[in-house]
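Asker: Residue numbering for the sequence shown follows my numbering, starting at 1128 and increasing by one per position.
Just so you know, even glycine gets a beta-carbon here, dropped at the ideal spot from N, CA and C.
Please find one structure pasted underneath; my questions will follow.
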Amino acid sequence: MTDLFSPARFGAIDLANRVVMSSLTRNRAGAGNVPTPLIAEYYRQRASAGLILTEATPICAEGHGYPRTPGIHTAEQVAGWKAVTDAVHGAGGKIAVQLWHVGRISHPDLQPGGILPVAPSAIRPVGQVFTGQAMKDYVTPRALDLSEIPALIKTYAEAARNALDAGFDGVEIHAGNGYLLDQFLRSSTNQRTDGYGGSAEKRARLLLEVMDAVCKAIGPDRVGLRLSPVTPFNDISDDNPQDTFEYVVGQLNPFRLAFLDILQGTGGAPRETWLPFDYDRLRERYVGNLIRNNGYDFLTAQEAVTSGAADAIAFGRLMLANPDLVERFRRGAALNAPDYDRFYSGEEKGYTDYPVLQD
Ligand code: PHB
């Protein structure tokens, strides 16, 4: 019987087990948003996961919206990531980088030359952004011109090539959580009247063109995708998420991706607060490997994999606080509690100092 400890093959990536480390922003990049040796150590400690999905990683300078998030668009960043992938591979793990563009979830203070962030439409998000010095209100972004879209798609493909140069086993395109590709997908943030807005088909077009370009650049068997159909995080919503995301998933089938990663509900939020959505219908429609994410514990994850509801489960907070989560699951051992105050700061504290089980 297939369970959480069974090996798996996701496209070209062999997983030793079906415990996936979810993507987690940790804000510890060095100068130039370069991954540091501390970041390499953090991921190396977690290499017993079947697959590590890195923190969200901007594909270009305009894709940044938070301080100290490591990018994958300069030679120094690629070299920094190479040390990370070497460390994980040396410890027997697999690692894919989550490719990110924040779109409107940024601020001129975080943009090259203080320019306006870009988005599908000039709609200001409600809320505030931490610029590294202060909390500031979001600004009204600049709507991308139709003529800029081909270059944006190329930027995703270049970042995917950079990822292979950096030694990653694959990439995960981030199209969730209210960032740029999700801003195109969902109706509240996309009010375009050209070929990239309006119907679900048109709102999904940019994502599908990005997937096509990235698959052509590095091969579909090294490409995954993150979606989060109902999270309201970053002031986003959709008039009909079930229809939108069933359409998207149907269109993904011909790509033969390595995996699809669905964040159910809202990251970190209690299940009772999740907006309604039928995730099993995505499972039925999607023919490839499915990772489900959010709020699982050992028993619910084991049930999801043994029943066939998922091919793997991604863990965020549990993996953050338990570098040896797979071994703890195997032994039924107690789990460390996450140090919430140090999720986004603290250097090595609350990052690389969680204890592992002693023999
Ligand atoms: C964050 O930095 O808060 C963040 C980044 C990417 C996500 C979610 C949250 O998908």
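Relative to the alpha-carbon of residue 1474, which residue among 1143, 1147, 1168 and 1128 has its alpha-carbon at the smallest distance?
Answerer: Numbered from its first residue, the sequence shown carries residue 1474 at position 347. For the residues 1143, 1147, 1168 and 1128, the minimum Cα distance to residue 1474 belongs to 1168.
Asker: With distances taken from CA atoms, which of 1244, 1455, 1379 and 1172 is nearest residue 1131?
Answerer: Translated into the one-based positions of the sequence shown, residue 1131 becomes position 4. Closest option to residue 1131, Cα to Cα, is 1455.
Asker: Count the other C-beta atoms from every protein chain shown that fall within 10 angstroms of the C-beta of residue 1399, then say buried if there are 16 or more, exposed otherwise.
Answerer: In the sequence shown, counting from the first residue as 1, residue 1399 sits at position 272. With fewer than 16 Cβ atoms within 10 Å of its Cβ, residue 1399 is classed as exposed.
Asker: Kindly indicate the opening and closing residues of the alpha helix (DSSP H) around residue 1522.
Answerer: Absent from the structure is residue 1522, since the part of the chain shown begins at 1128 and ends at 1486.
Asker: Measuring from the CB of residue 1183, is there a heavy atom of the ligand PHB at a distance below 6 Å?
Answerer: Position 56 of the sequence shown, counted from the start, is the residue given in the question as residue 1183. Yes, the ligand PHB has a heavy atom inside 6 Å of this Cβ.
Asker: Between residue 1161 and residue 1197, what straight-line distance do the alpha-carbon atoms span, to the nearest angstrom?
Answerer: Position 34 of the sequence shown, counted from the start, is the residue given in the question as residue 1161. Position 70 of the sequence shown, counted from the start, is the residue given in the question as residue 1197. Each residue's Cα considered, the two are about 5 Å apart.
Asker: Could you give the first and the last residue of the continuous beta strand (DSSP E) run that contains residue 1185?
Answerer: Your numbering for residue 1185 matches position 58 in the sequence shown. That run of the beta strand (DSSP E) goes 1178-1185.
Asker: Is DSSP giving residue 1148 helix, strand or coil here?
Answerer: Reading the sequence shown from its first residue, position 21 is the one you call residue 1148. Residue 1148 falls in the strand class under three-state DSSP.
Asker: Can you tell which of 1212, 1318, 1235 and 1148 has the C-alpha that lies nearest to the C-alpha of residue 1190?
Answerer: Looking up residue 1190 in the sequence shown gives position 63. Ranking the options by Cα distance to residue 1190, first place goes to 1235.
Asker: Does at least one heavy atom of the ligand SAH sit under 6 Å from the Cβ of residue 1152?
Answerer: As for the ligand SAH, it is missing from this structure, which binds only the ligand PHB.
Asker: Kindly provide the ranges of any beta strand (DSSP E) runs that are 3 or more residues long and lie completely inside the region 1377-1445, ordered along the chain.
Answerer: List check, beta strand (DSSP E) in window: 1386-1390, 1417-1420 and 1439-1442.
Asker: Residue 1221 to residue 1147, Cα distance in whole Å?
Answerer: Taking the first residue of the sequence shown as 1, we reach residue 1221 at position 94. Taking the first residue of the sequence shown as 1, we reach residue 1147 at position 20. Cα to Cα, residue 1221 sits roughly 10 Å from residue 1147.
Asker: Quick one, are the C-beta atoms of residue 1451 and residue 1414 less than 7 Å apart?
Answerer: Residue mapping note: residue 1451 aligns to position 324 of the sequence shown, counting from 1. Residue mapping note: residue 1414 aligns to position 287 of the sequence shown, counting from 1. Cβ distance not < 7 Å, so residue 1451 and residue 1414 don't count as in contact.
Asker: Between residue 1299 and residue 1351, is the Cβ-Cβ spacing less than 7 Å?
Answerer: Here residue 1299 corresponds to residue number 172 of the sequence shown, with the count starting at 1. Here residue 1351 corresponds to residue number 224 of the sequence shown, with the count starting at 1. Yes, they are a contact pair.
Asker: Does the contact criterion of 3 or more C-beta pairs under 8 Å hold for the region 1403-1420 versus the region 1441-1450?
Answerer: Touching, yes.
Asker: Roughly how many angstroms separate the alpha carbons of residue 1207 and residue 1295, rounded to a whole number?
Answerer: As a first step, residue 1207 must be located in the sequence shown, where it is residue number 80. As a first step, residue 1295 must be located in the sequence shown, where it is residue number 168. Going by the C-alpha atoms only, they are around 12 Å apart.
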